[in-house]
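Student: Here it is: the structure, laid out below.
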Amino acid sequence: MRKIAIQGIAGSYHDVAAHRYFENEPIELVPCETFKELVRKVASDERTVGIMAIENTIAGSLLQNHDLIRQSGCVVTGEYKLRIMHSLAALPGTNMSDLTEINSHPIALMQCDDFLATLPYVKLVEMDDTAGSARRIATEKMHGHAAICARRAAEMYGLEVLAEGIETNKRNYTRFLAVASPSMASELLEGVTKNKASLVFSLPHTAGSLSKVLTILSFYDMNLSKIQSLPIIGREWEYLFYVNLTFSDYPRYKQALDAIIPLTKDLKILGEYAEGKQGI
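To get this note's numbering, take the position in the sequence shown, counting from 1, and add 1172.
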């Protein structure tokens, strides 16, 4: 059985993404409190694969996760774009009128603003985790409390779903990356048709340096699906650029890399993989 490290506990959206990504094989979850712990487990155990969130269509990028992958030496082997559907769950037999408090992660609360505005009499309390909120309500028998969480968490901890699809924006997706040790990455990518790459590089502090790189990528028909800059600690006003490229011609992609290497500094391929599926 494949071991999958996730941030959070069973029932979390990371859990849902892990089971969707590895839908055709049994997995054993390795819960981690932080993303730093997640990449540490993957880097130290070559048989463990990590599933970690990298960006959300509403909240944006998880900036620290870009850097954690780069520093860890882990390889990106795939991705999954999960539709985030929030449910309101409470102890069985609870009615909406019984609620006095709703618990969840602050981002989940923010993403359900419109629904929560219909419950002005209910206190909102921020917690560390969506699934953790559900588990706490279940284990401590917290009557009058509800959690905003995934339906999977509600079912796992024996809660009743009072409302679902309560997120304000129905185009709410989180992109998760699969990361692995180099040896495990080779195994996972065997036979995969690669059409996406994640790169990171810095640039000389000269006028037009980024424009030149982007012009070359365009010339080679690379689709720049994402670019994210992060400051380089200790080097004022210098940045690392994290780039995602999609392409249909792998040899032409390699030619594009060869062409930009002289214009960049410290270019590193974080992973080459197949563009991920998007959940409905």
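Glycine included, each C-beta is placed from N, C-alpha and C at the ideal position. Treat the numbers as computed from the prediction; the structure is a model and nothing was measured.
Going by beta carbon distance, what residues of the same chain come within less than 6 Å of Tyr1345, once the five residues before and after it are set aside?
Tutor: In the sequence shown, the residue the question calls residue 1345 occupies position 173. Closer than 6 Å at Cβ, skipping near neighbours: Thr1229, Lys1253 and Arg1255.
Student: Can you check which of these residues, Gly1180, Ser1184, Asn1196 and Ala1215, is closest to Cys1204 by C-alpha distance?
Tutor: Residue numbering aside, residue 1204 sits at position 32 when the sequence shown is read from its first letter. Nearest of Gly1180, Ser1184, Asn1196 and Ala1215 to Cys1204, Cα basis: Gly1180.
Student: If you follow the beta strand (DSSP E) that Val1214 is part of, which residue opens it and which one closes it?
Tutor: Here residue 1214 is taken as the residue at index 42 of the sequence shown, counted from 1. Element bounds for Val1214: not the beta strand (DSSP E) but the alpha helix (DSSP H), Phe1207 to Ser1216.
Student: Taking the alpha-carbon of Pro1454 as reference, which of Asp1286, Val1333 and Arg1212 has the nearest alpha-carbon?
Tutor: Lying outside 1173 to 1452, the shown extent of the chain, residue 1454 is not represented and no answer is given.
Student: May I ask you to verify whether the region 1180 to 1198 touches the region 1346 to 1365, counting CB pairs closer than 8 Å and requiring at least 3?
Tutor: At 8 Å Cβ cutoff, the stretches touch.
Student: Mind checking which residues open and close the beta strand (DSSP E) that includes Ser1305?
Tutor: As a first step, residue 1305 must be located in the sequence shown, where it is residue number 133. From DSSP, Ser1305 is part of no beta strand (DSSP E) but of the alpha helix (DSSP H) over Thr1302 to Thr1311.
Student: Looking only at its chain, what residues have a beta carbon closer than 8 Å to the beta carbon of Leu1439, apart from the 5 residues adjacent to it on each side?
Tutor: Translated into the one-based positions of the sequence shown, residue 1439 becomes position 267. Excluding positions up to five away in sequence, the list reads Leu1371, Val1372, Phe1373, Leu1429, Ile1432 and Ile1433.
Student: Report yes if the CB atom of Arg1242 is closer than 8 Å to the CB atom of Leu1442, and no otherwise.
Tutor: One-based indexing of the sequence shown puts residue 1242 at position 70. One-based indexing of the sequence shown puts residue 1442 at position 270. For Arg1242 and Leu1442, yes; Cβs fall inside 8 Å.
Student: State whether the region 1383 to 1395 contacts the region 1233 to 1251, with contact taken as three or more CB pairs (one from each stretch) at a distance under 8 Å.
Tutor: no
Student: What's the C-alpha gap between Leu1240 and Val1211?
Tutor: In the sequence shown, counting from the first residue as 1, residue 1240 sits at position 68. In the sequence shown, counting from the first residue as 1, residue 1211 sits at position 39. Spanning the two alpha carbons is a distance of roughly 7 Å.
Student: According to DSSP, His1317 sits in a beta bridge with which residue or residues?
Tutor: Counted from its first residue, the sequence shown places residue 1317 at position 145. Paired residues: Glu1273.
Student: Closest by CA to His1315, which one among Asn1367, Ala1357 and Leu1331?
Tutor: Position 143 of the sequence shown holds residue 1315. Closest option to His1315, Cα to Cα, is Leu1331.
Student: So, with DSSP's three-state summary, where would you put Ser1374?
Tutor: Here residue 1374 refers to the residue found at position 202 of the sequence shown. Here Ser1374 sits in strand by DSSP.
Student: Looking only at DSSP bridge pairs, what is Gly1443 linked to?
Tutor: Your numbering for residue 1443 matches position 271 in the sequence shown. DSSP lists Ser1370 as partners of Gly1443.
Student: With three or more C-beta pairs closer than 8 Å as the rule, is the region 1296 to 1304 touching the region 1362 to 1369?
Tutor: At 8 Å Cβ cutoff, the stretches do not touch.
Student: DSSP state of Asn1344, grouped into three classes?
Tutor: Within the sequence shown, numbered from 1, the residue matching residue 1344 stands at position 172. Reduced to three states, the DSSP call for Asn1344 is coil.
Student: Tell me the DSSP secondary structure of Arg1424 in three-state form.
Tutor: As a first step, residue 1424 is located in the sequence shown; it is residue number 252 there, counting from the start. Helix, per DSSP.
Student: Report the option in Lys1208, Glu1195, Pro1198 and Glu1197 whose CA atom is closest to the CA atom of Ile1178.
Tutor: Working through the sequence shown from its first residue, we reach residue 1178 at position 6. The shortest C-alpha separation from Ile1178 is found at Lys1208.
Student: Quick check: what's the CA-CA separation for Thr1206 versus Arg1407?
Tutor: Here the question's residue 1206 lines up with position 34 in the sequence shown. Here the question's residue 1407 lines up with position 235 in the sequence shown. Rounded to whole angstroms, Thr1206 to Arg1407 spans 27 Å at the Cα level.
Student: Can you list, in chain order, the residues of its chain with a C-beta nearer than 7 Å to that of Leu1278? Leave out the 5 residues immediately preceding and following it.
Tutor: Within the sequence shown, numbered from 1, the residue matching residue 1278 stands at position 106. It is worth fixing the name first, because residue 1278 is Pro in this sequence and not Leu. Once the five neighbours on either side are set aside, the close Cβ partners of Pro1278 are Glu1298.
Student: Could you say which of Val1214, Ser1269, Gly1222 and Met1282 lies nearest to Ala1231 if we only look at CA atoms?
Tutor: Taking the sequence shown and counting its residues from 1, one reaches residue 1231 at position 59. The option with the nearest alpha carbon to Ala1231 is Met1282.
Student: Going by C-alpha distance, which of Leu1417, Lys1426, Met1328 and Asn1196 is nearest Met1173?
Tutor: One-based indexing of the sequence shown puts residue 1173 at position 1. Checking every option, the nearest Cα to that of Met1173 belongs to Asn1196.
Student: Cβ of Arg1174 versus every heavy atom of the ligand MG: is any distance shorter than 7 Å?
Tutor: In the structure on display, the ligand MG does not appear, and there are no ligands present to speak of.
Student: If you check the beta carbons only, do His1258 and Ile1338 fall under 8 Å apart?
Tutor: Mapped onto the sequence shown, residue 1258 falls at position 86. Mapped onto the sequence shown, residue 1338 falls at position 166. Contact: yes.
Student: Distance, Cα to Cα, Glu1336 vs Ile1320?
Tutor: On the sequence shown, residue 1336 is found 164 positions in, with the first residue counted as 1. On the sequence shown, residue 1320 is found 148 positions in, with the first residue counted as 1. Approximately 9 Å between the Cα atoms of the pair.
Student: Since Arg1192 is in the alpha helix (DSSP H), which residue starts that stretch and which ends it?
Tutor: Numbered from 1 along the sequence shown, position 20 holds the residue referred to as residue 1192. It spans Tyr1185 to Tyr1193 - the alpha helix (DSSP H) in which Arg1192 sits, taken as one unbroken run.
Student: Leu1235 and Leu1402 - do their beta-carbons sit closer together than 8 Å?
Tutor: Within the sequence shown, residue 1402 is the residue found at index 230, counting from 1. Within the sequence shown, residue 1235 is the residue found at index 63, counting from 1. Cβ atoms of Leu1402 and Leu1235: closer than 8 Å.
Student: Just the Cα atoms here: how many angstroms apart are Glu1447 and Glu1251?
Tutor: Here the question's residue 1447 lines up with position 275 in the sequence shown. Here the question's residue 1251 lines up with position 79 in the sequence shown. Cα-Cα distance, rounded: 7 Å.
Student: Within the same chain, show all residues whose beta-carbon is closer than 7 Å to that of Lys1306, passing over the 5 residues directly before and after it, in chain order.
Tutor: Within the sequence shown, the letter at position 134 stands for residue 1306. The question names Lys, but residue 1306 in the sequence shown is Ala. Cβ contact annotation for Ala1306 (same chain, cutoff 7 Å, sequence separation greater than five): Gly1183, Ala1261, Ala1319, Cys1321, Ala1325, Ala1326, Tyr1329 and Leu1331, in chain order.
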